[in-house]
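Residue numbers for the sequence shown, in this note's numbering: 28 to 653. What follows is a set of notes on a single structure, which appears directly below.
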Amino acid sequence: MKHMVFEQTYDIIVVGGGHAGCEAAHAAAKLGSNVLLITQNLQTIAQMSCNPAMGGIAKGQIIREIDALGGMSGIITDSASIQFRMLNTSKGPAMWSPRAQCDRMIFAQNWRIALERNENVSFWQDTVSEITLKKEKITGVKTNLGFEIKAKAVVLCNGTFLSGMMHIGKQQFSGGRMGERASEGITAQLIDLGFSHGRMKTGTPPRLDGRTIDYSKTEEQKGDNKPSKFSFSKTKFVKNQQSCFITYTNEKCHAILKKGFDQSPMFNGRIQASGPRYCPSIEEKLNRFADKKRHQLFIEPEGRNTIEIYLNGFSTSLPYQVQLKALNKIRGLEKVKMLRAGYAVEYDYFPPTQLKQTLETKVIKNLFFCGQINGTTGYEEAAAQGIMAGINAHQNISKLETFTLSRSEAYIGVLIDDLITKGTEEPYRMFTSRAEYRLLLRQDNADDRLTEIGYKLGLADKERVVQLEKKRLKKESLLGFLSKQSAMPNTINSILKKRGSAEIQEKKKLKDILARPHIKMKDLIICKELEAFIKRNNIGELEMKQAEIHIKYNGYMNKEKEAAKKMYSLENIKIPENFEYDKLHSVSAEAREKLKNISPSSIGQATRISGVSPSDINILLIYMGR
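Now the structure itself:
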């Protein structure tokens with residue numbers, strides 16, 4: 028096919044309008060690049076293809092970090108929230124994770140509005156079939172409609188569309204999402220260019236007609252009494268929260284599902300790809316946890332003004348009839364009707380060890396990968412990669428310094444370092460356990476960590492920095508007051524007794540009382556001096572919570588900071604890009620192979636490569652003259 032050439036040369040082309048593509052386009056455009064967003068369907072920009080929710084364990088921290096840098100995911104989530112919950116509040120503050128149920132139509136609509144309001148973003152509805160390059164440097168893309176579009180950088184955010192194959196029972200058909208066609212051509216080209224690739228799968232549950240659910244037989248799950256929000260900017264708190272509901276599978280349901288296993292593409296061999304370990308299909312749950320008599324299911328509304336319900340926990344690719352029969356054996360779903368069947372989708376991905384820390388490919392200059400093409404799963408993980416790829420695409424073409432985040436600076440840093448250093452053979456999702464400095468990387472202090480960095484880049488505005496400084500001053504003044512002000516025994520002992528803490532015999536500093544287990548800041552409000560100070564200085568719940576965390580956990584945080592400093596010293600020892608690892612004869616063959624394949628940028632990264640031992644690192648350091 029002879030290609031027609033677009034007259035305009037863009038700074039950056041972003042391929043794909045999912046969560047990664049939206050953040051990449053927004054970030055690059057806000058920094059000043061002329062961006063073209065190419066997507067197969069302009070009506071499905073920022074589609075919540077699976078769960079209509081943002082955040083969750085570790086994922087909520089990521090959204091807060093994107094927001095602190097100046098990204099949009101937190102703002103859009105707040106605009107579309109119908110329920111907010113802070114998860115893990117019974118555990119320490121490092122584990123607290125915000126989560127919001129969203130109206131999926133409003134979420135997508137507001138993302139599109141945000142992109143359209145940016146004059147540096149243009150749109151084109153088409154399918155990219157090929158990238159163009161000259162001397163291992165990207166020059167643009169070619170499309171199915173026969174257009175050749177030139178650009179200085181290209182960001183691929185293809186989601187599940189690369190050679191996508193849909194599965195429902197024995198049925199299989201080409202597609203990246205229900206009702207949307209797959210993208211062909213790019214995989215074969217990238218393989219020809221020297222990229223290794225693999226296949227992954229993911230799935231989604233059936234959507235239900237909420238009018239046919241008997242909620243009286245389920246457990247209600249309300250939002251927080253005092254809901255928070257995601258963005259540190261002046262977005263609104265959610266009002267009139269909608270409840271989610273909980274029900275359970277049972278043995279009758281399991282029996283029906285098992286009868287359908289011979290028609291399951293997972294068990295009959297039609298799906299060979301790896302699926303998400305931590306979000307398995309209902310078939311996988313029954314197979315993996317055969318001793319369990321029931322599995323928890325979450326009945327989640329897809330919006331305020333729709334009957335559509337997402338059944339979280341019931342992802343499946345079994346035949347439609349089997350899905351419905353099994354659902355009708357579940358409490359509350361006895362008469363439920365399905366709006367659409369659950370399905371599985373297989374798609375191509377490219378092992379992320381082929382990327383630099385900036386998410387630029389090692390093979391082609393100014394070509395970036397982000398999202399599911401890198402083997403990740405989840406809106407949040409995709410959005411995080413999108414903002415980083417968008418920033419670095421802009422930095423590259425503007426000949427500015429590249430932008431990276433370390434493992435001690437952000438969950439985003441942990442995510443990218445894990446991907447490029449360890450790779451993944453199954454869909455990767457973030458957990459708090461993956462972060463060794465998680466007490467430093469809390470959801471409440473993302474602005475403390477990243478807002479000034481975002482402002483220096485040009486993403487976060489000045490108002491954010493001013494707001495951050497005010498918050499810091501309030502927190503510090505409160506800490507100072509708690510260090511000076513004492514509580515009298517006759518004032519505080521009733522609270523101490525109630526909380527099971529030893530009563531005091533003489534006056535004691537509020538700071539020392541707060542340091543005790545089970546004592547919260549709100550317990551100390553009984554002290555009238557503290558109550559007056561808080562009102563007088565307009566100190567909010569966030570500042571109070573942060574002051575409490577500081578007093579209770581400062582010792583632990585200092586230890587993490589020391590550990591991070593030691594790690595940082597290794598990160599500063601850079602390894603030359605074309606280092607000849609074959610010369611390291613004393614290093615094990617496995618280590619040499621791994622080091623060559625991954626080509627770590629620093630000694631710190633080299634230490635995290637599986638198969639590279641401490642003695643291998645010592646030899647490497649000696650060889651580098653250290």
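All C-beta atoms in this analysis are idealised placements derived from N, C-alpha and C, irrespective of residue type, glycine included. Every value quoted in this text rests on a predicted model; they were computed, and no experiment measured them.
Residues bridged to valine 372 (per DSSP):
Met193, Thr229
Would you call the segment 234-252 in contact with the segment 408-415, where contact means no fewer than 3 C-beta pairs closer than 8 Å?
no
Taking the beta carbon of valine 441 as the centre, do at least 16 other beta carbons fall within 10 Å, making it buried, or is it exposed?
Its Cβ being crowded by 16 or more others within 10 Å, valine 441 is buried.
Spatial distance of glycine 369 from tyrosine 455 (CA atoms):
Distance between the alpha carbons of glycine 369 and tyrosine 455 is about 21 Å.
Confirm, please, whether the CB-CB distance from methionine 193 to glutamine 199 is below 8 Å.
yes
Assigned exposure category for serine 596 - 16 Cβ within 10 Å defines buried
exposed
Apply the 10 Å Cβ neighbour rule to tyrosine 583 and answer buried if 16 or more other Cβ atoms are within range, or exposed otherwise.
exposed
Verify whether the separation of the beta carbon atoms of glycine 173 and phenylalanine 188 is less than 8 Å.
no
What residue from Arg297, Gly302, Ile133, Glu436 has the CA that sits closest to aspartate 474's CA?
Glu436
Kindly indicate which residue of Pro627, Glu34, Lys86, Ile72 has the alpha-carbon position closest to the one of threonine 448.
Pro627
Whole angstroms is fine: what's the gap from proline 641's alpha carbon to tyrosine 608's?
C-alpha of proline 641 to C-alpha of tyrosine 608: approximately 16 Å in a straight line.
So isoleucine 424 and lysine 177 are in contact, right, with Cβ under 8 Å, and what is the actual spacing, rounded?
About 12 Å; that fails the 8 Å criterion.
Just reading off the beta strand (DSSP E) that isoleucine 649 is part of, what are its end residues?
First-last for isoleucine 649: 641-650, but that is the alpha helix (DSSP H), not the beta strand (DSSP E).
According to DSSP, simplified to helix, strand and coil, what is arginine 304?
coil
Methionine 113 lies in the beta strand (DSSP E); which residues open and close that run?
108-114
Using only the alpha-carbon positions, how far apart do glycine 405 and isoleucine 357 sit?
C-alpha separation (whole angstroms): 27 Å.
Drop a sphere of 10 angstroms on the beta-carbon of glutamine 381, count the other beta-carbons inside from all chains shown, and report buried for 16 or more, exposed for fewer.
buried
Reference glutamate 490; option with closest CA among Leu142, Ser260, Gly567:
Ser260
Buried versus exposed, by CB contacts within 10 Å (16 or more), valine 182
buried
At the level of alpha carbons, what is the spacing between glycine 48 and serine 149?
13 Å
Isoleucine 309 and phenylalanine 272 - do their beta-carbons sit closer together than 8 Å?
no
What's the C-alpha gap between alanine 462 and lysine 118?
16 Å
Simplified DSSP state of tyrosine 275, which is helix, strand or coil
strand
In chain order, what residues of the same chain lie with their CB nearer than 6 Å to the CB of glycine 237, ignoring the 5 residues before and after it?
Ile334, Ile336
Reference proline 79, options Leu142, Asn339, Met594, Ile646, closest by Cα
Asn339
Can at least three beta-carbon pairs, one atom from the segment 562-575 and one from the segment 531-548, be found at a separation below 8 Å?
yes
Assuming glycine 631 is part of the alpha helix (DSSP H), what are its boundary residues?
630-634
Spatially closest choice to proline 379 from Val390, Glu373, Glu598, by CA coordinates
Ranking Val390, Glu373, Glu598 by Cα distance to proline 379 puts Val390 first.
Reduced DSSP secondary structure (H/G/I, E/B, other) of valine 441
helix
In angstroms with no decimal places, state the Cα-to-Cα distance between arginine 434 and leucine 541.
30 Å
With distances taken Cα to Cα, identify the nearest neighbour of leucine 537 among Asp219, Pro516, Glu92.
Pro516
Fully enclosed by the segment 461-498, which alpha helix (DSSP H) runs are 4 residues long or longer?
Correct list: 473-484.
Please classify threonine 388: does DSSP put it in a helix, a strand, or coil?
strand
Threonine 518, enclosing alpha helix (DSSP H) - first and last residue
516-525
In terms of residue numbering, what span does the alpha helix (DSSP H) encompassing tyrosine 455 cover?
Membership of tyrosine 455 in any alpha helix (DSSP H) is not indicated, and neither H nor E is assigned to it by DSSP.
Quick one: what's arginine 331 bridged to in DSSP?
DSSP, once it has assigned bridges, lists no residue as partnering arginine 331.
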